[in-house]
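Heads up, our numbering is the position in the sequence shown plus 22, with the first residue counted as 1.
Glycine included, each C-beta is placed from N, C-alpha and C at the ideal position.
Bear in mind that the values here come from a model prediction, so they are computed numbers and not experimental data.
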Amino acid sequence: MVEPVGNHYIVARPVYSENLFNEEHEKLHRYHKTFWDHLKIYFRCSPQRVKKSALGLFPIVSWLPAYRFKEWILSDIVSGINTGLVAVLQGLAFALLVNVPPGYGLYAAFFPALVYFIFGTSRHISVGPFPVLSLMVGGAVIRLVPDDSAGNSTSTNISAINEERVMVAASVTFLSGVFQLLLGILQFGFIVIYLSQSLISGFTTAAAIHVVVSQLKFMFQLPVPGFNKPFGIIYTLESVFSQITKTNIADLVTSLLVLLIVFVVKEMNDRYKAKLPTPIPIELLVTVLAALVSYFADLKEKFGVAVVGQLEEGFQAPVAPDAGVLEKCIGDSISIAIVGFAVAFSVAKVYSIKHDYPIDGNQELIAFGLGNIVGGSFKGFASSTALSRSGVQESTGGKTQIAGIISAFIVLIVILAIGFLLEPLQKSVLASLALGNLKGMLMQFKEVSVLWRKDKYDCVIWVVTFLAAVLLGLDIGLATAVAFQLLTVVIRSQIPSCSVLANVGRSNIYRNRKDYTDIYEPEGVKIFRCSSPIFFANIEFFREKLVTAVGFDPLRVLRKRNKALRKIRKMLKNGELQVTPVRLICTAEHTYESDEELDNNRIEELDQPTNMTDLPIQINWAADLPPGITVPRVDIHSIVLDFSAVSFLDFSAMRILQKTLKEFVRIDIDIYIAGAHEGFLDKLERCAFFDEEIKSSMFFLTIHDAVLHILLKKDIASSPKLKLAEEKASSNNYYVEIPSNGLRSREVTV
């Protein structure tokens, strides 16, 4: 019963062990589904399930009939046009990262958006090229079709090299789409949880550095080969600076000028976004102006600048992926599939929370997988969502993926009709536009100092991820980062936080004894907490901490006591000891014998419980012993283990825990376990944890229940009145009243 008194409460209830609580309160026996049960449910077929699956696979069927045409259509049209113009320019710019002709970036901006309109669940993200994925695809392209392949008999000109690279990019994209589709079908949408925010931030920042370095050759117009290998970024920088005197000044000046204008205007867009009806489309304005200047000033002929060149009109026939490329790019495709989904899902989740609608991670995998399969078949490259492009779609009023389909229509117009207008555009301008979209990712450097103050583990993950991705490359760097992140989880769980607790404020609250001054520690009682799962990797650490907390090793004490009993028996047999009602008195001059001599190669017997049935007196280990017999002093009689934070205990750890508890029990220390979660006791029973020495009665609901039971037990043992009352009682329903002056002063009613 609970009685509120002001801001206090008074609880009157029995002291409960787990067994007593289960006896008084009937527990429902629930059926827990097995793996096979879940499998049957997953593959069960019914009309309702078919309908639900169809609606889930084609989200457009759910949201399109509910589209508010009059309210949303104008906003979606405006948003779609703005997003489409940005998508065109980013498609051209990010194609340079893939090391394919710029025109193929338009395919990557068109087909995935079309597929996502039908299969996607987010209403606000803009699907298409993303710089990090483009760079990862470009790494595979450079590795399989390096720049020096021009001398190869199978690649005799630039056109042939470009064709090979397009095929590699398309094949890698196709395979990454297959992986995403399979993960979605198998319901592996949860895989994104293994990429923490710190890891994604460090990885995308490193990718931004790679993007900057990869675009230097276009800004300086230098023949820099690709280095897709560990420390490739260093080789690239070395190649750039070794040829710095060959820089095309016209390209460099154009790049710096465009970069400055883009950064300034984007900063204005951010600062005055509340006042501007729509962000200034600076990429579009700069592109149009640069193309006009290049065309009328004939910069290609006069200054030798590199331009986009002829863009193919229309679409090419779909092609099957190259089987040879697929075999060599499995690792690249897996990395691209996971990173692309992780970035897109993170952005989609932000907008879904902001606008209050659900998204489905598994369906997103299917949508992006199909988008990449279709895009790869039409010679596009991997797609995800660019943060800046999605920001444009949402900030300009986009309500649904109608805006996405309109943006795809804008890209279609460029592909079919007006692509030729971009032919005189300098590649250095596209490089600058690509760099202009990296501000958000580069600003993530600020997170390092914040993470260091908040969580040093996350900070180390960020730094290691960044350095690994920069120095080792994006593919190897990502694998290294994931492995290191999992290692930190293992380390944190392998070295759990353990502490000794004490009663605070003379109440039922127990906290770390080092953190408070008003504490009470029952005499002879140690309360030990482990704030982590206990398993094979940390059970030895747990035991070491427990031994340190109690101040002695129970196994050492047990062996010393058994050795002492051997000596006592030998001395009694030789008449060297005299038995009195109080103690043993040595009657002969003692001769010291070594432990090795007494062990007599029977060390295993020393680990058994002490047996005094054959002795004429019970040995009091706390009293004085005969000369030459020394045993470590034990000042505690009870240990309470707080398992409220122990979420699981594996079988290996269970065996060692059982052995450790037996060592304590064999030296007459009572062990109690408090706060164990539901099912913990059942698991121990199934694993034959309990025996004659370790009993289920050691489990109590709370620490306070265990402590009150210990104090009551000691009082009963020392008081004849209480002992008689206990013998008459039929159960263990002890109501303990605790006044404010301490736990020891209390009235016990039986």
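query, result
"So, does the stretch 374–389 touch the stretch 204–216, judging by three or more C-beta pairs under 8 angstroms?", "yes"
"Under a three-way DSSP split, which group does GLN466 fall into?", "helix"
"What does the alpha-carbon distance come out to for the pair GLY398 and ALA191?", "8 angstroms"
"Could you spell out where the beta strand (DSSP E) holding ASP646 opens and where it closes?", "Premise fails: ASP646 is in no beta strand (DSSP E) and is neither H nor E."
"Run through DSSP, which three-state label would ILE99 get?", "helix"
"Hey, ASN250 and ILE164: beta-carbon distance below 9 angstroms or not?", "yes"
"I'd like the list of long-range same chain contacts for SER406, defined as Cβ closer than 6 angstroms, with 5 residues on each side in sequence excluded.", "PHE152, LEU155, GLY362, VAL365, ALA366"
"Just to confirm the assignment, what range does the beta strand (DSSP E) spanning PHE550 have?", "547–552"
"Quick check: the stretch 479–492 against the stretch 302–321, are at least 3 beta-carbon pairs closer than 8 angstroms?", "no"
"Between LEU679 and LEU671, is the Cβ-Cβ spacing less than 9 angstroms?", "yes"
"Which residues share a DSSP beta bridge with ILE215?", "DSSP lists no partner for ILE215."
"Does the Cβ of ASP690 have 16 or more other Cβ atoms within 10 Å, making it buried, or fewer, making it exposed?", "exposed"
"Leaving out five residues on either side along the sequence, give the residues of the same chain with a beta carbon under 6 angstroms from the beta carbon of ALA115.", "LEU452, LEU455, ALA456"
"Shortest alpha-carbon distance to LEU587 belongs to which of TYR257, LEU464, ASP629, THR276?", "ASP629"
"Residues in its own chain within less than 8 angstroms of ILE561 by CB, not counting five upstream and five downstream?", "SER674, ALA675, ILE678, LEU679"
"Classify ARG766 as buried or exposed, calling it buried when 16 or more other Cβ atoms lie within 10 Å of its own Cβ.", "With a pLDDT of 41 at ARG766, under the threshold of 50, the modelled position of this residue cannot be trusted; read the value that follows with caution. Exposed, by the Cβ-count rule."
"Excluding the 5 residues flanking ASN184 on each side, which residues of the same chain have their C-beta closer than 6 angstroms to its C-beta?", "PRO123"
"Do the stretch 317–329 and the stretch 271–286 make contact, defined as three or more Cβ pairs closer than 8 angstroms?", "yes"
"Would you give the residue range spanned by the beta strand (DSSP E) that LEU460 belongs to?", "Counting along the chain, LEU460 falls outside any beta strand (DSSP E), and DSSP gives it neither H nor E."
"Under 9 angstroms, do ILE352 and LEU473 count as touching if we go by C-beta distance?", "no"
"Can you tell which of THR682, PHE564, ASN530 has the C-alpha that lies nearest to the C-alpha of HIS30?", "ASN530"
"Specify, as a first and last residue, the run of the alpha helix (DSSP H) that ASN534 falls within.", "Where ASN534 is concerned, there is no enclosing alpha helix (DSSP H), although the beta strand (DSSP E) it sits in stretches over 532–534."
"Could you give the DSSP three-state label for GLU748: helix, strand or coil?", "Residue confidence is low: GLU748 scores 49 on pLDDT, short of 50, so the model does not pin down where it sits. No coordinate-derived value is stated."
"Rounded C-beta distance between VAL330 and LEU157? I'm assuming under 8 angstroms.", "The Cβ separation is near 20 angstroms, so there is no contact."
"Could you have a look at CYS67 and say whether DSSP puts it in helix, strand or coil?", "coil"
"Quick check on the burial criterion: 16 or more other C-beta atoms within 10 angstroms. Buried or exposed for THR635?", "exposed"
"Taking 7 angstroms as the limit between beta carbons, can you name the residues of its chain near PRO340, skipping five residues before and five after?", "SER399, PHE400"
"If we call anything under 9 angstroms between Cβ atoms a contact, is ILE388 one with PHE141?", "yes"
"Would you call ASN121 buried or exposed, if buried means 16 or more other Cβ atoms sit within 10 Å of its Cβ?", "buried"
"Please report the distance separating the alpha-carbon of ASP692 from that of SER39.", "14 angstroms"
"Under three-state DSSP, which class holds LEU447?", "coil"
"Please work out which residues of its chain come closer than 7 angstroms, Cβ to Cβ, to PHE43, disregarding the five sequence neighbours upstream and downstream, and give them in chain order.", "LEU723"
"Put THR407 into one of helix, strand or coil per three-state DSSP.", "strand"
"Which two residues bound the contiguous alpha helix (DSSP H) that contains ASN184?", "180–207"
"Have a look at VAL194, HIS699, VAL547, VAL504 and flag the residue whose alpha-carbon is nearest the alpha-carbon of SER220.", "VAL504"
"Mind reading off the beta-carbon distance from THR195 to ASN394? Whole number of angstroms is fine, and I expect it under 8 angstroms.", "5 angstroms"
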